[in-house]
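A.B. asks:
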Amino acid sequence: MALEQLSDVVQRCQAVQDDSYTTEDYDVFTIAGRTCIEQGDSTQVLSIVVDEKNKAVVRCMGWNLLPPLIQVLLKKEDKSLPHCLAIFKHLLEVCSPKELLVGLLEQVEEAHPDAVAETLLLLFNPLQKVLLRLGGRKASSLGMVLSSLLEQVAKLPVPQTKEQEEDDVFSLCRCCRDLMAFVRPFVHEARLNFQHCKAQSETPDKTPDGRDKASPHKEDELKAELLKFCMKSLCEPLLEVQLKDPDTLPVSPLRDFATEILSSLSAIGESLPSLVCHPLLKRREVPGFLEEEVRYPKESLASLAHLLFVHHLAMDTFPAVFSPVFTLRCNMEHISLLLSRTEESRIQKGLELYEKSLVRLEDGSLSVSLLEIKAFVSVPQNLVKVMTLCPVHQLRTKGLKVLQLSIDKFDTEAKYNFFQLVLKISHHSGVEGYIVKNIKNQIDFSLKPGNSNSWFEGVHLLPLLRQVLSLPDGPETDLLQNLDRVMESLNLLRYLIIRDKVTENQTGIWTELYKIEDKFMKPLRVGVNMSRAHYEMELKNTMESKKGKGKEESVLSVSVGDEKLPNMSSESQIQALHSALHTFDMIESVLARIEELVEVKDSL
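To get this note's numbering, take the position in the sequence shown, counting from 1, and add 828.
Here you go:
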């Protein structure tokens, strides 16, 4: 029935002039043709579409047969596969490229979630052929196609291990490989356009007959679409992928994909060093089809910097004359952006980029003036968030390592200001305790012969000591929550009293001690006593409650301060309360030893 309808409508349309077919003609051709293919009558359909008498009809209507044809091609095992493949190839040759483009893109965008990779791999080459048939009118169509293709590629899982990439278990590697093969002829065309414009810009502004030449700076629309593609690729999938080093994986399709993206950027006239340094460059008016924010997305530029400086891809394009400090400045905005994200892949790339940017510097080479730059403040802020909030232990540990590396690269005055900055912004006892330990190390270094400096001795040191030797909320400070900072501060104070003689007073501790006693030691002792009393009361109540319950296992809820502890067994509650009381004893013991040391020193 369907085959008869198809034959009838095609025969009737042969007599129609100027392709003025009716809507009914289109509907009958589409429904009957698709039904024939689905029912396995592809041999007869093939004979109809290749018949020269039906060329005009097929040229106008043939693209409507794409959906069932593509489904057969995806299944592969269908017995009608050879005939369907022949029909498909014929349609690509004779149908209108614009209509073919619409039909093929529909199949890309409507691909079944389980067949995304297979659909892409099947349609890359047909889409390329159709676009090339559009000639000089293809730029906007290319942009539309590339956007759809990348959207589908982004749906594919990213290989996490060397073995997954080698086996290409998710087909992402093959899709990236074929995607670059798809885009290559368009990059080549854009390169020729760029070279032509460059040559034109080096010649006089007038043609031989005295007319003005077209401006060579008017951006090629094809370049604009390829630039968007490269920038999107740098975000997805490349910002999600953890590339393996050549030593680990000698042949890496994903590394090859990244390399070709960078090569494509250079080919279309984009300078990779300028892109990396984009945050430092003044905002400029660039003629063309894209606004600045769309043209150079910040995440894409951060991904580019990571590929250049961590994986050393296309590093031969980066000038060797750029100093390590300048390179760090270029990268700081990229680092800040990556560390501000919550995705593990972005945080890891931010830490790697920061580390690679720092290791090229000599210790003590970064001046204090850099801390006036916004990114040099936002990076430690974001780094603190990584160290304290990131759920991945490996990244928290890496963050701490990079923090120490950054401290080592600052000169003495910069270290001093950096410590003040982190103490102000961290709001985390562990981080503050780590900074206090660094302050102690800097003071110890400066007190050694030949290392004297004005920032960790005497007048300059005192404001930093006042910032360290203080309690955020006075006697009511939560000592358990602030334990790391309190203990490191006590250790610093004890070190200063032991190390600095009263007669020398190099650090100024002895002239400042009465203030420290009033603002730190006395409030701390009061806080310890208050906290101990509170926890002893809770311990007594918990033990009585347990005794009242007898041998039955009970689950208690205990409030300490304003916070309710998680529900737990009475034994666990008692153990936690004993642990807290032990902590207060430890703080009091160190405090008592410091007070004894002060008395001994004063008596000398």
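For glycine and all other residues, C-beta sits at the position ideal for the given N, C-alpha and C.
Can you tell which of K881, I865 and N882 has its C-alpha closest to the C-alpha of H911?
C.D. replies: Counted from its first residue, the sequence shown places residue 911 at position 83. When each option's Cα is compared against that of H911, the closest is I865.
A.B. asks: With burial defined as no fewer than 16 other Cβ atoms inside 10 Å of the residue's Cβ, what is the status of N953: buried or exposed?
C.D. replies: Here residue 953 is taken as the residue at index 125 of the sequence shown, counted from 1. Label assigned to N953: exposed.
A.B. asks: Only counting runs of 4 or more residues, tell me where the alpha helix (DSSP H) segments fall wholly within the stretch 1120-1155, in order along the chain.
C.D. replies: Segments of the alpha helix (DSSP H) lying fully in the stretch 1120-1155: 1120-1123 and 1126-1137.
A.B. asks: How many Å lie between M1059 and L1352 at the Cα?
C.D. replies: Walking along the sequence shown from the start, residue 1059 turns up at place 231. Walking along the sequence shown from the start, residue 1352 turns up at place 524. One C-alpha to the other measures close to 55 Å.
A.B. asks: Quick one: residues in its chain with C-beta nearer than 6 Å to the C-beta of H1256, no 5 flanking neighbours on either side, listed in chain order?
C.D. replies: In the sequence shown, counting from the first residue as 1, residue 1256 sits at position 428. Excluding sequence neighbours, H1256 sits near T1216.
A.B. asks: Looking only at its chain, what residues have a beta carbon closer than 6 Å to the beta carbon of G1261, apart from the 5 residues adjacent to it on each side?
C.D. replies: The residue given as residue 1261 occupies position 433 in the sequence shown. Result list for G1261: D1312, R1313 and E1316, in chain order.
A.B. asks: List the residues that DSSP assigns as beta-bridge partners of F857.
C.D. replies: For the purposes of this step, residue 857 is identified with residue 29 of the sequence shown, where counting begins at 1. F857 pairs with nothing; no bridge assigned.
A.B. asks: Which residues share a DSSP beta bridge with L1194?
C.D. replies: For this step, residue 1194 is matched to residue 366 along the sequence shown. For L1194, which the question treats as bridged, DSSP gives the partners F1238.
A.B. asks: I need the DSSP call for G1097, collapsed to helix, strand or coil.
C.D. replies: Residue mapping note: residue 1097 aligns to position 269 of the sequence shown, counting from 1. In the structure shown, G1097 sits in coil (DSSP, three-state: anything other than H, G, I, E or B).
A.B. asks: Out of L959, Q839 and D1239, which one is the CA nearest neighbour of S1282?
C.D. replies: By one-based count along the sequence shown, residue 1282 stands at place 454. Taking only the C-alpha atoms, the option nearest S1282 is D1239.
A.B. asks: Per DSSP, what kind of secondary structure is V986 in: helix, strand or coil?
C.D. replies: Sequence index remark: in the sequence shown, residue 986 carries index 158 (1-based). Reduced to three states, the DSSP call for V986 is coil.
A.B. asks: Below 6 Å CB to CB, which residues in the same chain sit around R1188 once its five sequence neighbours on both sides are set aside?
C.D. replies: Numbered from its first residue, the sequence shown carries residue 1188 at position 360. Closer than 6 Å at the Cβ level, and outside the excluded window around R1188, lie P1152.
A.B. asks: Check whether the stretch 1021-1030 touches the stretch 995-1008, taking contact to mean three or more Cβ pairs, one atom from each stretch, closer than 8 Å.
C.D. replies: No, the stretch 1021-1030 is not in contact with the stretch 995-1008.
A.B. asks: When you compare each of L1082, V1220 and S835 to S999 by their alpha carbons, which one comes out closest?
C.D. replies: Looking up residue 999 in the sequence shown gives position 171. Ranking L1082, V1220 and S835 by Cα distance to S999 puts L1082 first.
A.B. asks: Tell me the DSSP secondary structure of I1402 in three-state form.
C.D. replies: Translated into positions along the sequence shown, residue 1402 becomes position 574. Here I1402 sits in helix by DSSP.
A.B. asks: Tell me whether P925 is buried or exposed, calling it buried when 16 or more other Cβ atoms sit within 10 Å of its Cβ.
C.D. replies: Start at 1 with the first residue of the sequence shown, and residue 925 comes out as number 97. P925 should be labelled buried.
A.B. asks: I need the straight-line Cα distance from F1204 to V1196, nearest angstrom please.
C.D. replies: For the purposes of this step, residue 1204 is taken as residue 376 along the sequence shown, with counting starting at 1. For the purposes of this step, residue 1196 is taken as residue 368 along the sequence shown, with counting starting at 1. Answer to the nearest angstrom: the Cα atoms are 10 Å apart.
A.B. asks: Going by alpha carbons, who is nearest to H775 out of L1108, L1165, L1090 and I1096?
C.D. replies: Nothing can be reported for residue 775, as the shown portion of the chain is limited to 829 through 1432.
A.B. asks: Among V837, E938, E832 and F1010, whose alpha-carbon lies nearest the alpha-carbon of L970?
C.D. replies: Locating residue 970 in the sequence shown gives position 142, counting from the first residue. With distances taken between Cα atoms, L970 lies closest to F1010.
A.B. asks: Shortest alpha-carbon distance to R887 belongs to which of E905, H918, L897 and G868?
C.D. replies: In the sequence shown, the residue the question calls residue 887 occupies position 59. Closest by alpha carbon: H918.
A.B. asks: Determine contact between the stretch 1207-1224 and the stretch 1169-1182, defined as no fewer than three beta-carbon pairs at a distance below 8 Å.
C.D. replies: With a cut-off of 8 Å, the stretch 1169-1182 and the stretch 1207-1224 count as touching, because enough Cβ pairs lie within range.
A.B. asks: So I1096 and R1012 are in contact, right, with Cβ under 8 Å, and what is the actual spacing, rounded?
C.D. replies: In the sequence shown, counting from the first residue as 1, residue 1096 sits at position 268. In the sequence shown, counting from the first residue as 1, residue 1012 sits at position 184. Wrong, their Cβ atoms sit about 12 Å apart, outside the cutoff.
A.B. asks: Hey, out of L1199, S976, E1285 and E927, whose CA is closest to T947's CA?
C.D. replies: Reading the sequence shown from its first residue, position 119 is the one you call residue 947. The shortest C-alpha separation from T947 is found at S976.
A.B. asks: Spatial neighbours of W891 within its chain, please: C-beta separation below 6 Å, excluding the five flanking residues on both sides.
C.D. replies: If you number the sequence shown from 1, residue 891 lands on position 63. The residues are C923, E927, L928 and G931.
A.B. asks: Among L1223, N1159 and E1200, which one has its Cα closest to the Cα of S1173?
C.D. replies: Start at 1 with the first residue of the sequence shown, and residue 1173 comes out as number 345. The residue with the shortest Cα to Cα distance from S1173 is L1223.
A.B. asks: Should the stretch 1297-1306 be called in touch with the stretch 1327-1336, which here means at least 3 C-beta pairs below 8 Å?
C.D. replies: Touching, no, given that fewer than three Cβ pairs across the two stretches are closer than 8 Å.
A.B. asks: Quick one: grab the DSSP three-state call for K907.
C.D. replies: The count along the sequence shown starts at 1 and reaches residue 907 at position 79. Note: K907 maps to coil in three-state DSSP.
A.B. asks: Which residue's Cα is closest to the Cα of D1048: C1063, H1024, P1065 and L1062?
C.D. replies: Taking the sequence shown and counting its residues from 1, one reaches residue 1048 at position 220. Considering only alpha carbons, the answer is H1024.
A.B. asks: Helix, strand or coil for K966 per DSSP?
C.D. replies: To locate residue 966, count along the sequence shown from 1; it is residue 138. Coil, per DSSP.
A.B. asks: Does the separation of the CB atoms of K1072 and S1061 fall below 7 Å?
C.D. replies: As a first step, residue 1072 is located in the sequence shown; it is residue number 244 there, counting from the start. As a first step, residue 1061 is located in the sequence shown; it is residue number 233 there, counting from the start. No, the Cβ-Cβ distance between K1072 and S1061 is not below 7 Å.
A.B. asks: Please report the straight-line C-alpha distance between V944 and E979, rounded to a whole angstrom.
C.D. replies: As a working mapping, residue 944 is identified with position 116 in the sequence shown. As a working mapping, residue 979 is identified with position 151 in the sequence shown. Going by the C-alpha atoms only, they are around 11 Å apart.
A.B. asks: If we call anything under 7 Å between Cβ atoms a contact, is E1416 one with V1356?
C.D. replies: Counting from one through the sequence shown, the residue named residue 1416 turns up at place 588. Counting from one through the sequence shown, the residue named residue 1356 turns up at place 528. A contact, by the Cβ cut-off of 7 Å.
A.B. asks: Taking H1288 as the reference, which of D1301, V1122, K1276 and I1267 has the closest Cα?
C.D. replies: Residue numbering aside, residue 1288 sits at position 460 when the sequence shown is read from its first letter. Of the candidates D1301, V1122, K1276 and I1267, the one whose C-alpha sits nearest the C-alpha of H1288 is I1267.
A.B. asks: Taking K1347 as the reference, give the member of K1429, K983 and V1296 with the closest Cα.
C.D. replies: In the sequence shown, the residue the question calls residue 1347 occupies position 519. Minimum Cα distance to K1347 is reached at V1296.
A.B. asks: Using the beta-carbon count (16 or more within 10 Å), is S908 buried or exposed?
C.D. replies: In the sequence shown, the residue the question calls residue 908 occupies position 80. Under this definition S908 is a buried residue.
A.B. asks: Rounding to the nearest angstrom, what Cα-Cα distance links V1438 and S1168 in this structure?
C.D. replies: Any question about residue 1438 goes unanswered here, given that the chain covers just 829 to 1432.
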